[in-house]
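Trainee: Note that the sequence shown covers residues -22 to -1, 1 to 482 in mature numbering (1 follows the signal peptide of the UniProt record, and there is no 0).
Glycine residues also receive a C-beta, built at the ideal position from the N, C-alpha and C atoms.
Following this message is one structure expressed as structure tokens.
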Amino acid sequence: MKKRTKSMYVLLATCLAASATFSVVSGKEASAQEQRNETGAVDAQTVRKIEQSIERLSELVPYMKEYPRSEFVLFKNRSLIIVNKRKGTDQEFPYVTLFADAKTGEIKRFMLLTGTGFTSTYPYEKAKEVAITFMKKWFGEDMGGYQFDPDTPKRNSSFLFRKIVNGIPFRNDTLGISVDSEGQIKNLAKGDGHTESIDEEQDVSQIHFADPKQALPKEKIEQMLVSYMKPYIALSTDGKKYRLLYQPAFSGEILAATGKDKVEPTLHRLIQFQPQAKEVIVKSKEEAAAFLGRQSGYDFTKGRSAFQQTKNPDNGLTNYVWMTEDEVLGSLFFEEQTGKVTSYQVLDTKKKSKAKKALSMEQALQHAIEGLSEFLPLTDKGMTLTAYRYVDYYDSYEFDFSQLYQGYVIDDSIKQAHVDAATGKVTLLDWGGGNKKKLPFPDTKKAITPEEATKKFLQKYPLKLYYSMNEAKNAAELVYILPGDPSEEIDAMTGEFYHLGIDP
């Protein structure tokens, strides 16, 4: 499990976020329409097989009979047929979507769509029995090789069933069942929300499953887990104090054969800056436009760009944005009371070539360091590089840096820099954040040890052995995980569990 970071959302105002969301939805709708144009007719024999399977399902899920109107959608190059069942022709919600095997007509999964969120008041234990009974009647007494996962979070009458191979649950072959307030099955779905499911088309017999004998004893991995128990400093949920917190800092899966993180961890590096503490004050839209113009070479007083302004009363920041229909030209945040700019983002108008990734990550990092150094306060001479990534869509390197206190990362102190990978232009800088309230930091000398934190964590979240898919190798590897994907931390001062973002 990775330590969370509470980085500031640098660029988009609420209206921009809504615009981006609309764009994404439009793209999906266009893609779906394109797929529909490639559909072929479902032959009568297959329709009969599907209807027979639905009839059998209706005996277990009675509300199916309330949706007599069926629409069959066959996507080319897919092994599934989608069936949408409605009560009438002019009713959008509710309706049932089912996924049937294109060859056998067998219903693989289904869901009742109501147009509203799902909540259930059905008692948990009774709902669990309903789910298990359905699995046995639909797949047979052995539940098709699936077993109920006892580590399923006990909320909202939803349950997980995992395929068992060599006596070990397979994370990537999981079924989820939800039971509604009337005690009926609302959906039979694939996946657990944390791992990617194998495709229906995939031949499981062709997957190589690691020999269980290769797994190190759980006790050995528990000892190794201490090395992943990294403390960090975070602002409490109420914003009144800093806490020193422990949480296992790994991807969520530890290779059982080696004890290593399944995902190559990001190496935290201490980066030296030469802060110049340059302050930029903007008192008007025109001054903001002039500053962004100097950073980008774009004249914001010309052209047909639209201007937007939003204010955030929670942090006292105002956001100015210049944009066209297609892209953001420039954006900055500043403190409303003082006019001090804390972050900005611009489009690289000097980018001429479509060539991608001309710079290496290290070269881009130097540009990021130089860019941030201009605005960082004199106290930020050394920070840790806590995350870096290359984003292909934007052809951009993105870097996150965190302040340190006695060697511990301060979680809400993240500074960010984005660098165009083709030109080296710094396109985003965020030097705001940090301990503005001058709150005291915890006395780290009084903290419990990583060994003590690990022991306490494992008492509540004992390691479990699973199979996890490695697509590149077409193999299922043995991994140890902390079931339930725990999001709690341990307060290093008290030794008690703490849920950052929820607990007071």
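1. For a test of the three-state rule: what should DSSP assign to residue 470, helix, strand or coil?
2. Taking the continuous beta strand (DSSP E) assigned at residue 207, which residues delimit it?
3. Please classify residue 420: does DSSP put it in a helix, a strand, or coil?
4. I need the boundaries of the alpha helix (DSSP H) containing residue 349, first residue and last residue.
5. Any contact between the region 179 to 190 and the region 115 to 131? By contact I mean 3 or more CB pairs, one from each, below 8 Å.
6. Which of the three DSSP states, helix, strand or coil, is assigned to residue 465?
7. Distance check for residue 199 and residue 231, CA to CA, integer angstroms please.
8. Pick helix, strand or coil for residue 270, following the three-state DSSP scheme.
9. Taking all protein chains shown into account, do 16 or more other C-beta atoms lie within 10 angstroms of the C-beta of residue 193, making it buried, or fewer, making it exposed?
10. Just the C-alpha distance for residue 202 and residue 210, rounded to the nearest angstrom, thanks.
11. With DSSP run on the structure shown, which of helix, strand or coil describes residue 156?
12. How many Å lie between residue 14 and residue 51 at the Cα?
13. Considering only residues of the same chain and omitting the five flanking positions on each side of residue 336, which have a CB-CB separation below 7 Å?
14. What distance in whole Å lies between the Cβ atoms of residue 373 and residue 392, which are believed to be in contact at a cut-off of 8 Å?
15. To the nearest whole angstrom, what separates the beta carbons of residue 167 and residue 135, a pair I think is in contact under 8 Å?
16. CB residue 305 to CB residue 325, shorter than 8 Å?
17. If the criterion is Cβ atoms closer than 8 Å, does the pair residue 289 and residue 279 meet it?
18. Since residue 467 contacts residue 478 with CB under 8 Å, what's their CB separation in whole angstroms?
19. Per DSSP, what kind of secondary structure is residue 409 in: helix, strand or coil?
20. Would residue 397 and residue 342 qualify as a contact pair, given that the criterion is a beta-carbon distance under 8 Å?
21. Buried or exposed for residue 122, going by 16 or more other Cβ atoms inside 10 Å?
22. Could you give the DSSP three-state label for residue 61: helix, strand or coil?
23. Say whether the region 407 to 426 touches the region 207 to 226, bearing in mind that this needs 3 or more beta-carbon pairs closer than 8 Å, one atom from each stretch.
24. On the three-state DSSP scale, how would you describe residue 75?
25. Which residues in the same chain as residue 4 place their Cβ atom closer than 8 Å to its Cβ, once the five residues preceding and following it in sequence are excluded?
26. Excluding sequence positions up to five away, which residues of its chain have a Cβ less than 7 Å from the Cβ of residue 356?
Mentor: In brief:
1. Coil at residue 470, not helix or strand.
2. Element bounds for residue 207: 207 to 213.
3. Secondary structure at residue 420: coil, using DSSP grouped into helix, strand and coil.
4. 339 to 351 is the extent of the alpha helix (DSSP H) around residue 349.
5. No, the region 179 to 190 is not in contact with the region 115 to 131.
6. Of the three classes helix, strand and coil, the one that applies to residue 465 here is coil, per DSSP.
7. Between the alpha carbons of residue 231 and residue 199 lies a distance of about 11 Å.
8. Assignment of residue 270 by DSSP, reduced to helix, strand and coil, places it in the helix class.
9. Classification of residue 193: buried, given that the 10 Å Cβ count is 16 or more.
10. Looking at the two C-alpha atoms, the distance is approximately 19 Å.
11. Note: residue 156 maps to strand in three-state DSSP.
12. In this prediction, residue 14 scores a pLDDT of 39, lower than 50, which makes its location untrustworthy; the coordinate-derived value is nonetheless stated afterwards. It is roughly 8 Å from the alpha-carbon of residue 14 to the alpha-carbon of residue 51.
13. These residues qualify, in order along the chain: 399 and 400.
14. Incorrect: roughly 23 Å between the Cβ atoms, too far for contact.
15. About 14 Å separates the two Cβ atoms, so there is no contact after all.
16. Taking 8 Å as the Cβ cut-off, residue 305 and residue 325 qualify as a contacting pair.
17. Result no, Cβ atoms of residue 289 and residue 279 do not sit closer than 8 Å.
18. Yes, they are in contact, since the Cβ atoms of residue 467 and residue 478 sit about 6 Å apart, within 8 Å.
19. Coil at residue 409, not helix or strand.
20. Yes, they are a contact pair.
21. That one is exposed.
22. Reduced to three states, the DSSP call for residue 61 is strand.
23. Three or more beta-carbon pairs drawn from the region 407 to 426 and the region 207 to 226 are found closer than 8 Å, and the two stretches are therefore classed as touching.
24. DSSP places residue 75 in strand when its eight states are reduced to three.
25. With a pLDDT of 29 at residue 4, under the threshold of 50, the modelled position of this residue cannot be trusted; read the value that follows with caution. Its chain contains no residue whose beta carbon lies nearer than 8 Å to that of residue 4 once the 5 sequence neighbours on both sides are disregarded.
26. Within the same chain, residue 356 has close Cβ partners 253 and 255.
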